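Peer 1: In this note's numbering, the protein residues as written are 10 to 264. Could you have a look at this structure, given as structure tokens, before my questions?
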Amino acid sequence: MTEAQLKAAIPLLEARELTVRFGGLTAVDAVSARLYAGELVGIIGPNGAGKTTFFNAISGVVAPTSGKLLVQGAVDLTGRGPHRYAAHGIARTFQTPRVMAELTLADNVRFGMQFAGRHRTPVAGLRTEGDILAMLGLSGLADRLAADVTPSQQRLLEIGMALGTRPRVLLLDEVAAGLTESEVDAMARRIRALRDDHGLTVVWIEHAVTTLLRYVERVLVLHQGRKIADGTPAEVVRNAEVVEAYLGDEMEAAA
Ligand SMILES: Nc1ncnc2c1ncn2[C@@H]1O[C@H](COP(=O)(O)OP(=O)(O)OP(=O)(O)O)[C@@H](O)[C@H]1O
Ligand SMILES: [Mg+2]
């Protein structure tokens, strides 16, 4: 194997048997997953399946009860805080947007830029807050306060704050929730562009399953904390356990 092939074969991020317990509840149950550079991966599953908790555990927001989180097969970040994750290029959005209402959109993105420290390599084509706001269609609103833009613009801004940290891996938690159908499609195209045009590895949690499955090339399915499937959209929609646990209802709701 050449060095380039070897490097490509080492996952950018690897969860090994990650478990998160809250008292008697096992929110994430021994989940293993590998994320390779340049992938666009979806995570789906019913409410309470453990999707957000899995993100929390792979971004330093909660410490796993057991298991490991490795960056590029070597750096063990298990139990470290969000700044360490950010410094290693892992950025995420929150299911409930956490923008700073009293700051302008440009300052919110600059806050993200400071969060990860100075040592990160800029994301291709997204070096400045102006680049980031333009990519998100928010250029005209740079000097507005975050409090004064719409909820869907705040969702985009949260992605902007995450991009400000100059990530390699971007974890998106229901960034399309509450958007209209055409806004959901626009969001999906933007997410695809973050990977295609800016080289990011993207993991995307969303309940809008039919849209998500059209855009990702691999999808993980969580159910009651366990990973019950991991494959291409075509494989996952044919998986009987997945249809039983989740997709039956979601596909009917979408039809
Ligand atoms: N901080 C916490 N303390 C106690 N229980 C929690 C905590 N966070 C999550 N849980 C529980 O863990 C389980 C998984 O929740 P999680 O939010 O990860 O699910 P989810 O798949 O993201 O659901 P949704 O699709 O509704 O966002 C749920 O039963 C939830 O109530
Ligand atoms: Mg969630």
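Virtual Cβ for every residue (Gly too), placed ideally from N, Cα, C. Nothing here was measured: the structure is a model prediction, and the numbers come from that model.
Relative to ligand 1, what is the chain-ordered list of residues with a Cβ closer than 6 Å to any of its non-hydrogen atoms?
Peer 2: After applying the 6 Å Cβ criterion, the set is F31, L34, A36, G54, N56, G57, A58, G59, K60, T61, T62, Q104.
Peer 1: Who pairs with V251 in a beta bridge, going by DSSP?
Peer 2: Paired residue(s): none; V251 is not in a bridge.
Peer 1: With a CB to CB cut of under 6 Å and the five nearest residues on each side skipped, what residues in its chain are close to T87?
Peer 2: Hits under 6 Å: K77, L78.
Peer 1: For a quick check, are the C-beta atoms of A156 and V193 less than 7 Å apart?
Peer 2: No, they are not a contact pair.
Peer 1: Can you give me the C-alpha to C-alpha distance between D205 and T130, rounded to a whole angstrom?
Peer 2: When rounded, the distance between both Cα atoms is 18 Å.
Peer 1: When you compare only the Cα positions, how much space is there between M144 and I52?
Peer 2: Taking the straight line from one Cα to the other gives about 24 Å.
Peer 1: Going by DSSP in three states, S41 sits in which element: helix, strand or coil?
Peer 2: Strand, per DSSP.
Peer 1: Can you give me the Cβ contacts of R275 inside the same chain, cut-off strictly under 7 Å, excluding the 5 residues immediately before and after it?
Peer 2: Examination of residue 275 is not possible in this model, given that the chain is present from 10 through 264 alone.
Peer 1: Compute the Euclidean distance between the alpha carbons of Y224 and E48, then round it to the nearest angstrom.
Peer 2: Distance between the alpha carbons of Y224 and E48 is about 11 Å.
Peer 1: Can you give the beta carbon distance from V29 to A66, rounded, assuming they're within the 8 Å contact cut?
Peer 2: 5 Å between Cβ atoms; contact.
Peer 1: Give the single residue among L180, L203, A197, V184 whose Cα lies nearest to the Cα of I141.
Peer 2: Ranking the options by Cα distance to I141, first place goes to L203.
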